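Trainee:
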Amino acid sequence: MTAPVGADLPRIKVAVDAPQHSGIGGPLDYVSEVVLAPGSLVRVPLGKRELLGIVWPRGAQAIEPTEYADPSKLRAILAVLEGLTPLSASWCRLLEFAAAYYQRGVGEVALSVLPPQLRELQSPQLQLRLKRMRKWVAEQIAAPVQASPSRPTLSPAQAEVLAQLDALLTEPASATAKGAQAPVLLYGVTGSGKTEVYLRAAEHALKQGRQVLVLVPEINLTPQLEARFAERFVGRVLVSLHSGLTPAQRLRNWLAAHEGQAELVLGTRLAVFASMPRLGLIVVDEEHDPSYKQQDGARYSARDLAVYRAHLEKIPVILGSATPSLESWQHANQGRYKRLALPERIGGGALPRVRLFDMRLMPLSKGVTTALTRPLLEALRLRLERGEQSLIFLNRRGYAPVLHCSECNWKSDCPHCSAWRVFHKGDRSLRCHHCGFSERVPAACPTCGNQDIAPLGRGTERLEEQLREQLPGARVLRIDADSTKLKGELEAHMAAVHAGEVDIVVGTQMITKGHDFRRITFVAAVNPDGALFSSDFRAPERLFALLMQAGGRAGRDAEQAARSEMWVQTWHPEHALYKALAKHDFEDFAKSQLAERESAGLPPFAHLAMLRAEARTPEVAKAFLDAAARWAQALPVAAEVLIYPCIPMSVARIANVERMQMLVEAPSRSALQRLLWLWNPELHALKREHKGLMRWAVDVDPLAI
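Straight run, no breaks: the sequence shown in the UniProt record's numbering ends on number 705.
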């Protein structure tokens with residue numbers, strides 16, 4: 001529709017996708033011939049462009065737009081995307097909070113989480129898509145299905161947990177005076193049956209006519225969990241939302257959720273923003289996983305937003321993990337989260353025995369490397385003789401981290417990044433894992449001409465080769481980002497492992513999370529020590545979680561649990577982290593880590609934000625950050641925060657772009673947010689003053705410093 005502009009037309013607030021650097025924070029004012037429902041999708045002019053926008057509710061608490069004094073200067077809404085149910089007020093409030101908390105424009109965040117194809121559709125096209133979606137949903141319901149499998153018998157711990165969850169699901173608004181419930185932290189050891197708890201809780205919510213949202217940290221976990229839910233909820237409409245879908249699939253699945261047709265939605269971090277009008281339960285599996293934090297654009301935490309969304313909707317949220325994040329663990333210690341425990345594996349099976357091998361005492365001999373020690377090779381041979389599977393965990397892909405010339409000390413650095421290019425033997429390439437720059441391996445050292453250049457270090461590709469050499473006849477399969485690049489490769493590899501067609505699996509962290517390998521009895525972690533001495537204070541927490549998850553892949557079949565083992569080859573067996581790992585004692589590890597963080601004033605006992613700047617030269621980036629620090633120190637709230645000097649990022653240059661960062665620390669979230677709210681407009685002004693600056697961003701609650 002079109003409308004003349006005039007003072008008598010209703011004024012409508014519309015959120016548009018304007019990037020942070022534009023300075024547009026809140027919704028813009030337009031006029032319309034008719035009053036439009038909040039949440040309606042519309043097309044509006046912005047400059048010379050025509051954009052998709054969302055009619056935004058008035059009275060937004062997070063960001064208020066500027067009111068134009070002269071209505072005659074306002075432009076008219078061009079068209080309404082008809083036939084689509086408006087986005088709900090609670091969805092808009094969630095997006096307001098995310099935009100304000102993570103210091104982005106509300107329209108930028110709101111439009112970025114909608115399916116991209118919505119921007120291209122006109123009303124007739126949308127009607128066709130809705131018709132197709134409803135037909136697809138009808139086909140899903142009407143399709144012939146196998147009988148639903150019988151539900152497994154619950155363990156006593158599962159039954160106790162579910163009894164408490166059922167009470168929350170039955171009376172969702174009775175937990176506090178405000179009507180919101182405390183989030184549930186489901187702390188369960190690997191193999192304790194957390195997924196069955198999710199299924200039963202989802203069943204309860206579905207019987208109440210509610211929708212269920214289940215989040216997983218990575219795409220490769222989606223098919224496995226989706227299969228479990230589809231098998232249990234025969235005849236229910238289940239959709240997935242993640243970046244691996246085609247644009248058409250993503251639009252169809254989003255429409256099914258938004259229109260209330262889909263009862264179960266499974267997805268990665270983006271799915272936390274799924275529009276679901278009857279949402280009754282949120283589950284966040286592996287809640288500790290850093291993949292829930294978005295690392296570009298609006299740097300949000302899907303786990304934290306899931307907790308906030310449950311608070312808004314007054315519904316339960318379950319955060320599940322065998323190694324909860326220290327933030328969540330501390331919330332439970334303080335009573336802000338309700339902690340429920342599954343302390344034992346299903347069937348009473350034991351957790352794998354953990355053995356620490358001191359690499360300083362390992363004798364080296366011909367054919368034996370620092371990764372494949374003689375005891376490890378003998379242990380693998382024993383499993384081969386028994387017909388059991390083994391898993392070797394090495395969190396570094398490629399053949400070797402770097403090529404090296406012994407004559408002139410040349411190393412395969414990346415010309416565009418302050419990082420090494422990794423040697424990939426399969427395609428004889430040197431590849432930068434930061435910018436993607438790749439070249440063929442040189443025949444000789446490019447500096448001195450020496451032909452004897454050799455790999456330094458070890459990646460999964462090299463480890464796979466050495467296993468094949470040392471264990472002839474063993475069926476070795478490598479699973480990492482390089483071996484699963486093509487569509488369907490990951491699923492095929494996982495199917496081969498489950499079918500018993502593989503003897504030894506070699507892989508990175510992507511195989512340590514959530515996979516239910518029933519035949520694996522032996523797990524070995526090689527070269528894990530690097531994270532022990534990282535400058536990142538979260539590195540020990542991540543390493544402990546990774547190793548606990550890796551060990552949890554062993555002995556998941558109760559009959560084999562008694563002989564399941566995890567070996568850790570380390571140069572520091574006396575380290576407290578490994579001592580706690582050997583006892584499967586997460587609680588002791590968490591207690592010691594929290595004590596260290598409290599004494600050092602680190603999260604969860606302090607609140608952080610990182611201001612990052614990128615420029616063609618480090619001098620420009622530093623000048624911007626230094627100027628920003630001076631502005632911040634002049635603000636009224638400066639006395640409440642600590643602003644550290646700027647430093648280069650851990651990888652200071654990527655794709656010829658120099659990167660620097662500055663840390664801001666505050667004792668409370670409110671103090672930090674007050675500073676950022678006042679600081680943000682000044683940062684936009686400073687950007688215009690520093691001509692060589694490419695971009696800047698604020699990262700609230702950063703995962704790495």
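For every residue, glycine included, the Cβ atom is placed at its ideal position computed from N, Cα and C.
On a predicted model such as this, the values are computed, not experimentally measured, just so you know.
Using DSSP with H/G/I as helix, E/B as strand and the rest coil, what is residue 518?
Mentor: In the sequence shown, counting from the first residue as 1, residue 518 sits at position 518. In the structure shown, residue 518 sits in coil (DSSP, three-state: anything other than H, G, I, E or B).
Trainee: Based on the DSSP secondary-structure assignment, which residues constitute the bridge partners of residue 282?
Mentor: In the sequence shown, residue 282 corresponds to position 282, counting from 1. Answer is 213, 317, bridged to residue 282.
Trainee: Around the Cβ of residue 658, are there at least 16 other Cβ atoms within 10 angstroms (buried) or fewer (exposed)?
Mentor: Along the sequence shown, read from residue 1 onward, the residue named residue 658 stands at position 658. Looking at its Cβ environment, which holds 16 or more other Cβ atoms inside 10 Å, residue 658 is buried.
Trainee: Residue 720 lies in the alpha helix (DSSP H); which residues open and close that run?
Mentor: The structure shown does not extend to residue 720, since the chain is modelled only from 1 to 705, so the question has no answer here.
Trainee: How should residue 697 be labelled, buried or exposed, when 16 other C-beta atoms within 10 angstroms of its C-beta is the threshold for buried?
Mentor: Residue 697 sits at position 697 when you count from the first residue of the sequence shown. Buried, by the Cβ-count rule.
Trainee: In terms of residues, what are the limits of the beta strand (DSSP E) holding residue 410?
Mentor: Locating residue 410 in the sequence shown gives position 410, where the first residue counts as 1. Element bounds for residue 410: n/a, residue is neither H nor E.
Trainee: Scan the segment 294–343 and note each continuous alpha helix (DSSP H) run of 4 residues or more that stays entirely inside, going in chain order.
Mentor: Qualifying alpha helix (DSSP H) stretches, in chain order: 302–313, 326–333.
Trainee: How far does the beta strand (DSSP E) with residue 356 in it reach, from first residue to last?
Mentor: The residue you call residue 356 lines up with position 356 of the sequence shown. Unbroken beta strand (DSSP E) run through residue 356: 353–358.
Trainee: Give the straight-line distance between the Cα atoms of residue 689 and residue 362, rounded to the nearest whole angstrom.
Mentor: In the sequence shown, the residue the question calls residue 689 occupies position 689. In the sequence shown, the residue the question calls residue 362 occupies position 362. For residue 689 and residue 362, the distance between alpha carbons rounds to 59 Å.
Trainee: Just the C-alpha distance for residue 245 and residue 73, rounded to the nearest angstrom, thanks.
Mentor: Here residue 245 refers to the residue found at position 245 when the sequence shown is read from its first residue. Here residue 73 refers to the residue found at position 73 when the sequence shown is read from its first residue. If I take the Cα positions, the gap works out to 42 Å.
Trainee: DSSP beta-bridge partners for residue 658?
Mentor: Position 658 of the sequence shown holds residue 658. Under DSSP, residue 658 forms a beta bridge with 615, 653.
Trainee: Tell me whether the beta-carbon of residue 377 lies closer than 7 Å to the beta-carbon of residue 470.
Mentor: Numbered from 1 along the sequence shown, position 377 holds the residue referred to as residue 377. Numbered from 1 along the sequence shown, position 470 holds the residue referred to as residue 470. Cβ atoms of residue 377 and residue 470: closer than 7 Å.
Trainee: Look at the alpha carbon of residue 687 and the alpha carbon of residue 693, and state the distance between them as a whole number of angstroms.
Mentor: Here the question's residue 687 lines up with position 687 in the sequence shown. Here the question's residue 693 lines up with position 693 in the sequence shown. So the alpha carbons of these two residues sit roughly 7 Å apart.
Trainee: Is it buried or exposed for residue 701, if we count other Cβ within 10 angstroms and need 16 for buried?
Mentor: Here the question's residue 701 lines up with position 701 in the sequence shown. Per the 10 Å Cβ criterion, buried.
Trainee: Quick one: Cα of residue 344 to Cα of residue 201, how far?
Mentor: Position 344 of the sequence shown holds residue 344. Position 201 of the sequence shown holds residue 201. Looking at the two C-alpha atoms, the distance is approximately 20 Å.
Trainee: Taking DSSP as the reference, what is the three-state secondary structure of residue 697?
Mentor: Walking along the sequence shown from the start, residue 697 turns up at place 697. It is a strand residue.
Trainee: Distance check for residue 300 and residue 624, CA to CA, integer angstroms please.
Mentor: Locating residue 624 in the sequence shown gives position 624, where the first residue counts as 1. Locating residue 300 in the sequence shown gives position 300, where the first residue counts as 1. So the alpha carbons of these two residues sit roughly 24 Å apart.
Trainee: Am I right that residue 305 and residue 98 are in contact with their C-beta atoms under 8 Å? What's the rounded C-beta distance?
Mentor: Here residue 305 refers to the residue found at position 305 of the sequence shown. Here residue 98 refers to the residue found at position 98 of the sequence shown. With 8 Å as the limit, residue 305 and residue 98 qualify as a contact, their Cβ atoms being about 6 Å apart.
Trainee: Per DSSP, which residues does residue 45 bridge with? Please list them.
Mentor: Locating residue 45 in the sequence shown gives position 45, where the first residue counts as 1. Per DSSP, 50.
Trainee: How many Å lie between residue 280 and residue 468 at the Cα?
Mentor: Sequence index remark: in the sequence shown, residue 280 carries index 280 (1-based). Sequence index remark: in the sequence shown, residue 468 carries index 468 (1-based). Residue 280 and residue 468: Cα-Cα distance of roughly 51 Å.
Trainee: Using DSSP with H/G/I as helix, E/B as strand and the rest coil, what is residue 484?
Mentor: For the purposes of this step, residue 484 is identified with residue 484 of the sequence shown, where counting begins at 1. The DSSP-derived three-state label of residue 484 is coil.
Trainee: Are residue 214 and residue 272 closer than 7 Å when you measure CB to CB?
Mentor: Reading the sequence shown from its first residue, position 214 is the one you call residue 214. Reading the sequence shown from its first residue, position 272 is the one you call residue 272. No, the Cβ-Cβ distance between residue 214 and residue 272 is not below 7 Å.
Trainee: Can you tell me where the beta strand (DSSP E) with residue 565 in it begins and where it stops?
Mentor: The residue given as residue 565 occupies position 565 in the sequence shown. Residues 565–570.
Trainee: Pick out whichever of 485, 347, 703, 257 has its Cα sitting closest to the Cα of residue 136.
Mentor: Indexing the sequence shown from 1 puts residue 136 at position 136. Out of 485, 347, 703, 257, 257 has the C-alpha closest to the C-alpha of residue 136.
Trainee: State yes or no: is the beta carbon of residue 135 nearer than 7 Å to at least one beta carbon in chain D?
Mentor: The chain inventory of the structure shown lacks chain D, comprising one protein chain alone.
Trainee: Taking 8 Å as the limit between beta carbons, can you name the residues of its chain near residue 331, skipping five residues before and five after?
Mentor: Numbered from its first residue, the sequence shown carries residue 331 at position 331. Hits under 8 Å: 183, 185, 337, 604.
Trainee: Distance check for residue 93 and residue 61, CA to CA, integer angstroms please.
Mentor: Position 61 of the sequence shown, counted from the start, is the residue given in the question as residue 61. Position 93 of the sequence shown, counted from the start, is the residue given in the question as residue 93. Residue confidence for residue 61 is low, a pLDDT of 45 falling below 50, so the modelled location carries little weight; the figure read from the coordinates is stated next. Roughly 8 Å separates the two Cα atoms.
Trainee: Tell me whether residue 187 sits in a helix, a strand or coil according to DSSP, three-state version.
Mentor: Residue numbering aside, residue 187 sits at position 187 when the sequence shown is read from its first letter. Residue 187 falls in the strand class under three-state DSSP.
Trainee: Would you say residue 115 and residue 254 are within 7 Å of each other, going by their C-beta atoms?
Mentor: By 1-based counting over the sequence shown, the position of residue 115 is 115. By 1-based counting over the sequence shown, the position of residue 254 is 254. Yes. Within cutoff.
Trainee: Can you check which of these residues, 594, 595, 598, 567, is closest to residue 583 by C-alpha distance?
Mentor: Looking up residue 583 in the sequence shown gives position 583. Here the closest residue by C-alpha is 567.
Trainee: Need the endpoints of the alpha helix (DSSP H) that residue 141 sits in, please.
Mentor: Taking the first residue of the sequence shown as 1, we reach residue 141 at position 141. Where residue 141 is concerned, the enclosing alpha helix (DSSP H) stretches over 123–142.
Trainee: Quick one: what's residue 610 bridged to in DSSP?
Mentor: In the sequence shown, counting from the first residue as 1, residue 610 sits at position 610. DSSP lists 663, 699 as partners of residue 610.
Trainee: Secondary structure at residue 642, three-state DSSP: helix, strand or coil?
Mentor: By one-based count along the sequence shown, residue 642 stands at place 642. Looking at residue 642 - three-state DSSP - the assignment turns out to be strand.
Trainee: Per DSSP, residue 584 forms a beta bridge with which residues?
Mentor: Numbered from its first residue, the sequence shown carries residue 584 at position 584. In DSSP, residue 584 forms no bridge with anything.
Trainee: Determine the closest residue to residue 695 out of 665, 55, 612, 650, with distance taken between C-alpha atoms.
Mentor: Looking up residue 695 in the sequence shown gives position 695. Ranking the options by Cα distance to residue 695, first place goes to 612.
Trainee: Using beta-carbon positions only, say whether residue 268 and residue 242 come within less than 7 Å of one another.
Mentor: To locate residue 268, count along the sequence shown from 1; it is residue 268. To locate residue 242, count along the sequence shown from 1; it is residue 242. Taking 7 Å as the Cβ cut-off, residue 268 and residue 242 qualify as a contacting pair.
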